[in-house]
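This is the structure in C-alpha cells:
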C-alpha cells in the first residue's frame with residue numbers, strides 16, 4: 001500500500017466479493033492510515049489501483 005510515492009503497508013489477501021459485487025482486500029498499514037475513508041493506492045499486477053480504507057466487517061449479515 002502506498003501514500004503517494006511512499007510504501008506504507010502490505011496487502012495480505014484479496015478477492016472478488018459476490019455479495020458486495022466488488023473487489024475486497026485486507027492488509028496492514030499504520031493506524032493513522034487505517035481510519036475508514038482514507039484513500040490509498042495498492043500496486044496490483046504492475047498497476048497502481050486506488051483503494052479506500054473501510055470499517056470491518058465489510059457487510060452486515062442479513063437476518064431472516
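Residue numbers (the numbering used here): 1 to 64. Heads up, the beta-carbon is just placed ideally off N, CA and C, and yes, glycines get one too.
Mark residue 51 as exposed unless 16 or more other C-beta atoms lie within 10 angstroms of its C-beta, in which case mark it buried.
buried
Would residue 26 pass as a contact of residue 38 if the rule is Cβ separation under 9 Å?
no
Cβ-heavy atom distance, residue 61 to the ligand ADP, below 8 Å:
Questions concerning the ligand ADP fall outside what the structure shown contains, since it holds no ligand whatsoever.
Extent of the continuous beta strand (DSSP E) run through residue 28
22-28
Rounded C-beta distance between residue 53 and residue 34? I'm assuming under 8 Å.
6 Å
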